[in-house]
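**Student:** Dropping a structure here in structure tokens format, bear with me for questions.
Numbering (my numbering), first residue to last: 32 to 525.
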């Protein structure tokens, strides 16, 4: 019954025109068993079809389950809005977080994990592509008067008056089709899709795709114009810079000319969900100038795209040649300069340490000489004071003896002169020692000043080196460009 109902819904849905507005919402409670991760019940295909394609037709789907592990991961990754209540097991919580991260890739898993664990009764977290941060809300206590599953008689009773609302039928018994406007075709148009080389996949752009306005796609339009959409893998490799980086380049080429023009690329960030394999009803195809039925056209387009990207695509990094440093992927100039400054400071510290080792021997020698000179001065000063004291005492004694015995006066005067001479020599040695000490003190001061000047010069020099940052381009070789996909898409332009 569920499979039949969903199948009818899909059939009806595909007859509708595209719209960005919500036209209908499909709600399934207790979805356990209808779309399991491993088995393939008939209902699973229909549910996945609605999840992947229904939004282009204005149809949404709401699934409810108590155990997220019972849902296929493709459903989890295609969901746009989540309402999460209290979960019973860690497996359920891990599955929810994995699915949400796969869907958006921008959620804070740790923070959301904690918030889910802290949920109380009747509390839910709303996570949606349309809100920046998860929202907490509380539901009211409700009582359901639902009688449960219906039997056949109850279904018949509920559907008794349905015949009055059934669409009128033609004489042949088939439903009368609506008279939707069918676009008229001109000389360069056809209701039959032009031949496309089998090597290229063919899709139809979902008008609800985020980048559809870039190519001026018309929601609900039926006049289709061909375009090419490309997904290219680029590999940047630079051994010196330590760069080994890959990125995906995606673009659409529209409108197509007779010859493929790589420079006409319109960069888009497309998802496989933006493309449908089903053409809109009553479509009219504008015949392209490009020979899309030829394998040679697609081969030439791939070669042209590879050559164009290898010539024009590059990646910028910052380099400091003196420090032999390169910026990391995603590192800004200011961040790289800060790292260079730190490396330069480390180099300066190392050079200063070597310089101090060189100066230490000279400074230690002068300090030792200064200490010796200080000790010598103290010794000479003490000797001078002692000699002066002795000279005074002995001079007084000789004077007294000379007064009492005149004959010895000449002898006393000779001794006094000798003592005076000794004292003067000691004083002279003291002055010499003091001058030597002053010279050593000056020499020590000069050494320390020179060391400080050299340290300042080293710091300034390495600071200047740190600021010598230049931008460097890492180019691509042809082998670094791999065209993963080059497909035809039809875009509704009217």
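Every residue, glycine too, gets a C-beta built ideally from N, C-alpha and C. The model shown is predicted, which means the values in this text are computed figures rather than measured ones.
Nearest by alpha-carbon distance to residue 332: which of 317, 362 and 293 is it?
**Tutor:** Residue 293 is the option with its Cα nearest to residue 332.
**Student:** Suppose the cutoff is 6 Å on Cβ atoms and the five residues either side in sequence are ignored; what does the same chain contact list for residue 237 look like?
**Tutor:** Correct list, in chain order: 87, 305 and 307.
**Student:** Can you say whether residue 360 is buried or exposed, counting buried as having 16 or more other CB atoms within 10 angstroms of its CB?
**Tutor:** With fewer than 16 Cβ atoms within 10 Å of its Cβ, residue 360 is classed as exposed.
**Student:** Any contact of the region 261-280 with the region 350-364, i.e. 3+ C-beta pairs under 8 Å?
**Tutor:** Segments in contact, yes.
**Student:** Under DSSP, the beta strand (DSSP E) around residue 43 begins and ends at which residues?
**Tutor:** Looking at the DSSP string, residue 43 is not in any beta strand (DSSP E); the run it does join, the alpha helix (DSSP H), is 33-44.
**Student:** Compute the beta-carbon to beta-carbon distance between residue 90 and residue 44, rounded to the nearest angstrom, for a pair I have assumed lies under 8 Å.
**Tutor:** The pair is a contact, with the Cβ atoms about 5 Å apart (cut-off 8 Å).
**Student:** Jot down the residue ranges of each uninterrupted alpha helix (DSSP H) in the region 137-197, minimum 4 residues, whole runs only, in chain order.
**Tutor:** DSSP runs (the alpha helix (DSSP H)) wholly in the region 137-197: 140-148 and 183-189.
**Student:** Given a threshold of 16 other Cβ atoms within 10 Å of its Cβ, counted over all protein chains shown, does residue 256 qualify as buried or as exposed?
**Tutor:** Buried, because 16 or more other Cβ atoms sit within 10 Å of the Cβ of residue 256.
**Student:** Restricting to Cα atoms, I'd like to know which of 182, 485, 287 and 413 is closest to residue 384.
**Tutor:** Residue 384 has its Cα closest to that of 485, out of 182, 485, 287 and 413.
**Student:** What's the C-alpha gap between residue 229 and residue 119?
**Tutor:** Near 50 Å, if we compare the C-alpha coordinates of residue 119 and residue 229.
**Student:** Does DSSP put residue 119 in a helix, in a strand, or in coil?
**Tutor:** The answer is coil: DSSP assigns residue 119 none of H, G, I, E or B.
**Student:** With a cut-off of 8 Å on the beta carbons, I'd call residue 111 and residue 523 a contact; round off their distance for me.
**Tutor:** The Cβ separation is near 23 Å, so there is no contact.
**Student:** Check the C-beta distance from residue 154 over to residue 167 and give it rounded, since I have them as a contact under 8 Å.
**Tutor:** About 6 Å separates the two Cβ atoms, so the contact holds.
**Student:** Using the Cβ count rule (16 or more neighbours within 10 Å means buried), how would you classify residue 186?
**Tutor:** Answer is exposed; the Cβ neighbour count stays below 16.
**Student:** Closer than 8 Å is the cut-off here; do at least three beta carbon pairs connect the region 481-496 with the region 323-343?
**Tutor:** At 8 Å Cβ cutoff, the stretches do not touch.
**Student:** Could you spell out the range, first to last residue, of the alpha helix (DSSP H) harbouring residue 79?
**Tutor:** First-last of the alpha helix (DSSP H) with residue 79: 73-84.
**Student:** Just confirm the distance between the C-beta atoms of residue 321 and residue 289, as a whole number of angstroms; I'd bet it's less than 8 Å.
**Tutor:** Confirmed, Cβ separation roughly 6 Å.
**Student:** Could you check where the beta strand (DSSP E) with residue 506 kicks off and where it finishes?
**Tutor:** Note, residue 506: beta strand (DSSP E), 501-506.
**Student:** What do you reckon, are the CB atoms on residue 461 and residue 408 nearer than 8 Å?
**Tutor:** Yes, they are a contact pair.
**Student:** Mark residue 455 as exposed unless 16 or more other C-beta atoms lie within 10 angstroms of its C-beta, in which case mark it buried.
**Tutor:** Exposed.
**Student:** Among 301, 386 and 235, whose alpha-carbon lies nearest the alpha-carbon of residue 312?
**Tutor:** When each option's Cα is compared against that of residue 312, the closest is 235.
**Student:** Beta-carbon within less than 7 Å of residue 282's beta-carbon, same chain only, minus the 5 sequence neighbours each way: which residues are those?
**Tutor:** Around residue 282: 261, 296, 297, 298 and 299.
**Student:** Rounding to the nearest angstrom, what Cα-Cα distance links residue 394 and residue 378 in this structure?
**Tutor:** Those two C-alpha atoms are separated by around 24 Å.
**Student:** Applying the criterion that 16 or more other CB atoms from any shown protein chain within 10 Å of the CB defines a buried residue, is residue 499 buried or exposed?
**Tutor:** It counts as exposed.
**Student:** In chain order, what residues of the same chain have a beta carbon less than 7 Å from the beta carbon of residue 147, not counting five sequence neighbours either side?
**Tutor:** Excluding positions up to five away in sequence, the list reads 115, 118, 124 and 156.
**Student:** Which residue wins for smallest C-alpha separation from residue 226, given the options 389, 266 and 316?
**Tutor:** The residue with the shortest Cα to Cα distance from residue 226 is 316.
**Student:** With H, G and I counted as helix, E and B as strand and the rest as coil, what does DSSP make of residue 496?
**Tutor:** In this structure, residue 496 counts as helix in the three-state DSSP scheme.
**Student:** Looking at residue 41 and residue 80, is the spacing between their C-beta atoms short of 8 Å?
**Tutor:** Yes, the pair counts as a contact, with Cβ atoms nearer than the cut-off.
**Student:** How long is the line joining the alpha carbons of residue 140 and residue 127, rounded to whole angstroms?
**Tutor:** Going by the C-alpha atoms only, they are around 10 Å apart.
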